[in-house]
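Enquirer: Heads up, the sequence shown is in this note's numbering, so the first residue is 63 and it goes up one at a time. Backbone N, C-alpha and C define an ideal beta-carbon position, used for all residues, glycine too. Let me begin by handing over the structure; questions about it come next.
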Amino acid sequence: MKKDYTKLADDIVSYVGGQENVISLYHCITRLRFKLKDTSIAKVNKDKIEKLTGVLSVVEANGQFQVVIGSDVSDVFQTILANYHIKNALDNTEADDVESDKTGNIVIRFFNTLSAIFNPIIIALAGAGMLKALLVVFTTYHLLSNQDSTYKILAAAGNSVFYFLPLFLAISAARIFKANMFISLAIVASLLEPNFVSMVVKNGTTVDFFGIPTVLMGYSGTVIPAIIAIYVYAHLEKLLKKFIPKSMEIFALSLVALIIMVPLTVLVIGPIGVMLGDGLGNAMNFISGESGLLAGLLIGGGWTFLVMMGIHWGVVPIMVNNLALHGYDTLRPMIAAATFASAGVALGVFLKSRNKETKGLALSSLLPALLGGITEPIVYGLSVKYKKPLIAQVIVGGLVGAFMGALQVKAIVYVFPALTTLPAFFGPTFIYYGIGITVAFFGTALLTYLLGLGEADQDLSSDSLSVALPLRGDVIPLSDVNDPVFSTLAMGNGFAIYPETGDILAPITGEVITVFPTGHAFGIRSALGTELLVHIGLNTVDLSKGTFNITVKKGDKVKKGQQIGTVNLAEIKEKNYDPTTMVIFTNGVKEQTLVVLDQSKNDITSVISKDAIERDGK
């Protein structure tokens with residue numbers, strides 16, 4: 063049965079400010095990319111979106127509000143479009159004008175535009191690349207001959223996307239730059255027309271065009287010429303529409319566009335684009351050749367942060383251009399170091415954590431990473447959340463990336479790094495690739511295990527919560543508290559303390575979410591979402607503020623055992639108030655076991671199940 067995404071879609075749209083606050087929306091492999099009118103907290107509730115089941119994280123980058131979903135992103139996207147009047151940014155008729163988007167600096171806008179152009183093409187590139195890689199394996203091991211008709215038919219399927227890549231780019235760029243898609247396609251298709259191709263004996267061949275010496279280039283598999291050509295045409299089209307009457311536009315627009323743009327592309331734009339592509343490719347190869355170790359260290363260690371910013375797709379043109387120019391790419395193996403390091407985090411967390419939910423998330427995100435190269439569920443669900451795994455994957459990913467770069471490990475086609483795409487790295491350096499990804503995976507898993515997950519992860523099973531005493535004294539059950547609000551568990555499950563000293567300590571590690579003005583009560587939320595309320599004394603809200611001295615405020619981070627204030631117990635007793643202090647779990651742990659740690663001894667002294675207490679040794 064197909065999963066219903068209606069509730070998730072409704073909640074996301076509601077928390078981004080409703081459909082009226084959305085300018086446009088599109089999605090990439092794992093995230094919804096909103097462009098919003100107003101991103102202020104008055105309109106957008108980022109915290110609530112991050113807490114939705116099915117949402118991994120929220121990223122604000124590139125002038126976009128990005129909701130990271132994971133592998134279900136396409137279904138959520140389609141559900142939103144089906145239920146709301148929201149513009150699809152990849153629909154040519156209602157496309158968002160990327161060029162007019164002035165949010166972010168010029169570099170961010172450039173990468174944002176490249177991402178938008180390449181995102182729809184990635185799925186075709188990856189599939190065709192994998193087919194080409196398999197054919198290399200088949201011919202190498204003599205399972206097929208490159209002279210067989212079977213091979214040629216399959217090769218045509220694998221080569222199609224790469225040979226006609228400029229046409230794919232023309233369509234996608236036309237959507238982004240808001241130009242007529244079919245005129246754009248006709249302009250770029252002229253560069254692959256058989257009569258034109260037959261004149262290109264080699265790059266740099268010179269022919270005559272109305273007496274103008276024209277340098278011809280081969281455009282099959284190129285990236286930059288098509289994008290620049292459609293960018294220029296989009297501006298020309300706006301100009302032409304001002305002068306061409308509507309009654310003549312059906313033939314005159316395309317006629318004038320072809321007469322102007324095809325020669326302009328052949329004479330100027332194309333050669334410049336090819337030279338830019340060659341220069342970019344040569345620069346990358348120079349850097350990789352001169353210091354592959356440094357390049358690999360930076361890419362292997364830093365790729366995760368590009369993923370987190372959502373601009374990693376902007377690097378795709380460089381890799382595709384390398385493949386078109388040289389028949390190989392050295393960036394993808396370095397990126398593979400980061401991919402398999404992320405997968406190693408999932409294994410390390412699975413082995414280290416004793417929290418069932420955390421282990422389940424780690425296991426469920428491991429297979430998509432290993433088999434499909436999709437790592438964002440790991441990055442946001444584990445690495446960023448617990449931080450130490452992020453350190454592990456950056457260290458190991460950087461070291462393995464340096465290893466890949468130093469040995470000039472190559473990819474022969476464009477694919478996502480995964481176990482299923484190993485043939486894409488087939489060749490003389492394949493052995494180094496195999497060693498590299500193995501070390502990245504198991505090395506990161508080991509380092510993650512050794513570093514641990516920090517105090518954010520429970521050190522006990524998921525049906526228990528580790529808590530320290532906020533005030534030293536005798537622990538008593540809530541049923542003994544002389545207040546029905548607490549004794550009947552109306553506020554939630556927990557325990558009480560009859561305090562002996564006035565030093566107030568943080569019972570858990572987390573963020574302070576509330577401090578009452580009098581200081582008699584405060585709340586803390588752990589990294590896993592457990593919310594705990596400490597209420598010092600009964601009816602002590604009536605006491606003067608000076609009785610309680612809380613030294614933290616809302617939003618502060620605290621660690622278990624950290625002193626966060628004091629209370630004057632003598633004054634409470636002198637004024638005939640009951641100093642009994644309640645520790646309440648306010649978000650649904652009534653059926654769970656609470657393990658209380660004595661702050662002075664740092665060991666388990668009490669176990670509280672519901673409202674009953676069994677004191678160790680008493």
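(1) Consult DSSP for residue 593 and reduce its assignment to one of helix, strand or coil.
(2) How long is the line joining the alpha carbons of residue 584 and residue 598, rounded to whole angstroms?
(3) Find the nearest neighbour of residue 276 within the set 224, 239, 332, 379, judged by alpha-carbon distance.
(4) Out of 429, 116, 68, 614, state which residue places its alpha-carbon closest to the alpha-carbon of residue 412.
(5) Reducing DSSP to helix, strand and coil, say where residue 530 ends up.
(6) What does a CB cutoff of less than 7 Å around residue 628 pick up in its chain, not counting 5 residues either side in sequence?
(7) Going by beta carbon distance, what residues of the same chain come within less than 6 Å of residue 646, once the five residues before and after it are set aside?
(8) Decide yes or no for the touch test of the segment 213 to 223 against the segment 256 to 271: beta carbon pairs closer than 8 Å, at least 3 of them.
(9) So, at 6 Å on beta carbons, what are the nonlocal neighbours of residue 609 in its own chain, with the 5 sequence-adjacent residues on each side left out?
(10) How close, in whole Å, do the beta carbons of residue 396 and residue 463 come, if the pair is a contact with beta carbons under 8 Å?
(11) What whole-angstrom Cβ distance do residue 683 and residue 398 have, given they're in contact under 8 Å?
(12) Please state the DSSP three-state secondary structure of residue 394.
(13) Cβ of residue 561 within 7 Å of Cβ of residue 641?
(14) Taking the CB atoms as reference points, tell me whether residue 473 and residue 454 lie closer together than 7 Å.
(15) Is residue 296 closer than 7 Å to residue 327 when the C-beta atoms are compared?
(16) Roughly how many whole angstroms lie between the Cα atoms of residue 307 and residue 325?
(17) Could you give the DSSP three-state label for residue 221: helix, strand or coil?
(18) Residue 79 to residue 113, Cα distance in whole Å?
(19) Under DSSP, the alpha helix (DSSP H) around residue 73 begins and ends at which residues?
(20) Could you give the residue range of the beta strand (DSSP E) that holds residue 271?
(21) Leaving out the 5 sequence neighbours to the left and right, which residues in its chain are closer than 6 Å to residue 548 when beta-carbon positions are compared?
(22) Which of helix, strand or coil does DSSP assign to residue 276?
(23) Whole angstroms are fine: how far does the CA of residue 191 sit from the CA of residue 254?
(24) Would residue 136 and residue 183 qualify as a contact pair, given that the criterion is a beta-carbon distance under 7 Å?
(25) Alpha carbon to alpha carbon, what distance is there between residue 238 and residue 178?
(26) From which residue to which residue does the beta strand (DSSP E) around residue 554 run?
(27) For residue 155, which residues of its own chain have a beta-carbon under 8 Å away from its beta-carbon, when the five flanking residues on both sides are left out?
(28) What's the gap between the Cα of residue 460 and the Cα of residue 247?
(29) Where does residue 293 fall in DSSP's three states?
(30) Do the segment 495 to 512 and the segment 200 to 211 touch if we need at least three Cβ pairs shorter than 8 Å?
(31) Throw me the rounded Cβ distance for the residue 444 and residue 408 pair, which I believe falls under 8 Å.
(32) From 604, 142, 173, pick the residue whose C-alpha is nearest to that of residue 380; which is it?
(33) Where do the N-terminal and C-terminal ends of the beta strand (DSSP E) with residue 576 fall, by residue?
(34) Just the C-alpha distance for residue 76 and residue 92, rounded to the nearest angstrom, thanks.
(35) Among 245, 300, 221, 200, whose alpha-carbon lies nearest the alpha-carbon of residue 475?
Expert: In short:
(1) Strand.
(2) Spanning the two alpha carbons is a distance of roughly 9 Å.
(3) Measuring from the Cα of residue 276, the nearest candidate turns out to be 332.
(4) For the residues 429, 116, 68, 614, the minimum Cα distance to residue 412 belongs to 429.
(5) Per DSSP, reduced to three states, the secondary structure at residue 530 is strand.
(6) If we look at residue 628 and ignore the five residues flanking it on each side, its Cβ neighbours are 564, 565, 566, 611.
(7) Answer for residue 646: 553, 554, 556, 595, listed in chain order.
(8) In this structure the segment 213 to 223 does not touch the segment 256 to 271; the number of beta carbon pairs closer than 8 Å is below three.
(9) 630, 633.
(10) Contact holds; Cβ gap of about 4 Å.
(11) Residue 683 lies beyond the stretch modelled for the chain, which goes from 63 to 680, so this question has no answer here.
(12) Of the three classes helix, strand and coil, the one that applies to residue 394 here is helix, per DSSP.
(13) Yes, Cβ-Cβ distance for residue 561 and residue 641 is below 7 Å.
(14) Cβ atoms of residue 473 and residue 454: not closer than 7 Å.
(15) Taking 7 Å as the Cβ cut-off, residue 327 and residue 296 do not qualify as a contacting pair.
(16) Using only the alpha carbons, I get a separation of about 24 Å.
(17) Looking at residue 221 - three-state DSSP - the assignment turns out to be helix.
(18) Answer to the nearest angstrom: the Cα atoms are 16 Å apart.
(19) Its alpha helix (DSSP H) spans residues 68 to 77.
(20) If you look at residue 271, you'll find it in the beta strand (DSSP E) that goes 267 to 271.
(21) Cβ within range, chain order: 540, 644.
(22) When secondary structure is reduced to three states using DSSP, residue 276 falls in the strand class.
(23) About 21 Å.
(24) No, the Cβ-Cβ distance between residue 136 and residue 183 is not below 7 Å.
(25) So the alpha carbons of these two residues sit roughly 7 Å apart.
(26) Bounds of any beta strand (DSSP E) do not take in residue 554, whose DSSP letter is neither H nor E.
(27) No answer about residue 155 holds up, because its pLDDT of 46 lies below 50 and its placement is not dependable.
(28) A direct Cα-Cα distance of roughly 41 Å separates residue 460 from residue 247.
(29) Three-state result, residue 293: helix.
(30) The segment 495 to 512 makes no contact with the segment 200 to 211; the number of CB pairs closer than 8 Å stays below 3.
(31) Going by Cβ atoms, the distance from residue 444 to residue 408 rounds to 6 Å, so yes, they are a contact pair.
(32) Between residue 380 and the set 604, 142, 173, the nearest pair of CA atoms involves 173.
(33) First-last of the beta strand (DSSP E) with residue 576: 572 to 577.
(34) Answer to the nearest angstrom: the Cα atoms are 20 Å apart.
(35) Nearest option by C-alpha distance: 221.
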